[in-house]
Every structure is written in C-alpha cells, then in structure tokens.
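Residue numbers (the UniProt record's numbering): 1 to 294.
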C-alpha cells in the first residue's frame, strides 16, 4: 500500500471500473463478482477523490451503499440524467465539500446531451466538481472524463475542448484531471494535453511530476489477463501491441495536474483477490499537495 507522505496530502484516484453488465459474456468478471473489490480498493487505499469511468447508475448505487463516507457527482452521458455511462466523481465527505459542478459533452455542441462528437463511436462526456478542501481551505477543481476509443479526430478535439473548459473554470486554482483517455503517451491527444504550444496552459502527467519514481506497472489496461500481458510485454524484449497497434506497455488511464499542484507520489495498483481483479483497468493514484502549502 502506498503511504501518505504528508499530513495534509490528498489522494486522488482514476478508476475505470468496467461497465456493470451481469450478462453471461462477462462470466466470472461480471459486476456482481467485482463490486465489493472496487469498494474495498477505494477504502483500503484511502482515496479522497475518485474519478470513475464506465460507471452505470446501478453500479453507482452499489458503491454508494458500500462507501458510507463518500458522496458523488455525475450525470449519464445518454440523456444528461440517468442513462448510460457516468464519468462520476466520488469524494470523501469528511475531507471535501462540493461547491459547484457540471457535465459537458465532448462534441461540437458541449451542452447538448447525448450528441456524438466528430468521428466518435459513442457519446462522450466530462464531469467537473469544484471542491473546498476542509483540511486546508483550498478550493480546487476535479475534472473526470473518458475519451472515445475509435475516433482520432474526436480524441484530438476532445483534448482541446477539455483544455478550453479548464481555462474558463480554473481561475488560477489547483486542477486535477482524471480519466481513461484511450491513448498512449506517444499519441497526439496526450501531446495536446501536455504540450506548451496547445494555446492553453499545459497539464502535467502526475507520473512524471511526482517527486519519487512511480509505483507498480507501467501500463493500466490488462483486460483481465495481467499475467499473459506481462509475459507478452517482455518476451524477446518486444512490446505487446493492441488491436490498433498501440503499445500496451503505456498507460491509457492518467492523472494530470496544473502548476498549482505538487505531486508527492504516483502509482498504478495491481491489486487482486485470489487471481480475480476488480476491473479490466488498474486504478491510478497520486498523492498531492497544493502549492500554497509549500
């Protein structure tokens, strides 16, 4: 278990919990077999704020019952209410007070629910919450999103739209961005988010901004086949390629921060219970401090 390095540090997590289907195709990996493990990981690793992807309304209800000290904010992507995937943000009520929040669609019409953006295969959203840290009094914004997995134009335009919204909302306060970005570190969308020449303030990847070397695997998606992926990754020194030719030794789940955030440590958590995993993605965690505390 990663340990908090500072008394006032805040632990944020990005966690794609996989759609909560209980149909036969998910077999042993169906949600009813995984829900308790997801909640257990969040509790054990003492997350203060968790950006989740692929959460359906019944999954949120299950986690709400198991995580008594947590509240949540989010909307379904299909209708702006309950239908479809949420990019929900769970937060520890004893530590954080939500002040305002919103959801926008990653499309040419960000305020219109359910719209496909550009060449995307699915409607995609980002949810944001402005919090006050009860321990320090600092106000910060947590953005959480899930980029499309098919549309290359959509992924690039989503990165630009996200940066635009951050610029409009951040008011020089600390910003955390969590998400499943469906892209590697060598991709164009990653370069847009972290590039100084994007027309907006560049974000920093928490993995590289951290004071200490990262903990855990270098990748974040294993498809419930972690051991096979590890073997493929390092067989004959060649990286295993995904269906679209992407390097699977790169993460696709990230935590980004702006300059008002200091990252103490970062890790990818490969926890499992007797060979069973809580999701086909591994959660990413970072312990952070606000720069005003330094």
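Think of the CB as a built atom: it goes at the ideal place given N, C-alpha and C, for glycine as much as any other residue. These numbers come from a predicted model, not from an experiment.
Asked, Found
"Check for me: the alpha helix (DSSP H) holding residue 57 runs from which residue to which?", "57–66"
"Leaving out five residues on either side along the sequence, give the residues of the same chain with a beta carbon under 8 Å from the beta carbon of residue 192.", "156, 159, 160, 163 and 198"
"What residue does the beta strand (DSSP E) around residue 8 start on, and which one ends it?", "Careful: residue 8 lies outside any beta strand (DSSP E) and carries neither H nor E."
"Mapping DSSP to helix, strand and coil, what is residue 120?", "coil"
"Thinking just about the alpha-carbon of each residue, which of 271, 223, 29 and 103 is nearest to the one in residue 215?", "271"
"Counting along the chain, where does the alpha helix (DSSP H) carrying residue 194 start and finish?", "188–194"
"Using the Cβ count rule (16 or more neighbours within 10 Å means buried), how would you classify residue 75?", "buried"
"Can you look up residue 288 in the DSSP assignment and give me helix, strand or coil?", "strand"
"What is the DSSP secondary structure of residue 53, counted as helix, strand or coil?", "strand"
"Cutting at 7 Å between CB atoms, please list the residues of its own chain near residue 212, excluding the five before and the five after it.", "265"
"In its own chain, which residues sit with a C-beta less than 7 Å from the C-beta of residue 188, not counting the 5 before and 5 after it?", "156"
"Which first and last residues belong to the beta strand (DSSP E) in which residue 130 is found?", "125–133"
"Apply the 10 Å Cβ neighbour rule to residue 27 and answer buried if 16 or more other Cβ atoms are within range, or exposed otherwise.", "exposed"
"From this set, 149, 168, 173 and 261, which residue's C-alpha is nearest residue 179's C-alpha?", "149"
"Can you tell me where the alpha helix (DSSP H) holding residue 167 begins and where it ends?", "152–170"
"How is residue 273 classed by DSSP in three states: helix, strand or coil?", "strand"
"Give me the residue from 287, 115, 285 and 206 with the minimum Cα distance to residue 105.", "115"
"In the DSSP output, what is residue 139 paired with across the bridge?", "132"
"The alpha helix (DSSP H) that contains residue 34, what's its start and end?", "31–44"
"Per DSSP, what kind of secondary structure is residue 227 in: helix, strand or coil?", "helix"
"When you compare only the Cα positions, how much space is there between residue 72 and residue 46?", "16 Å"
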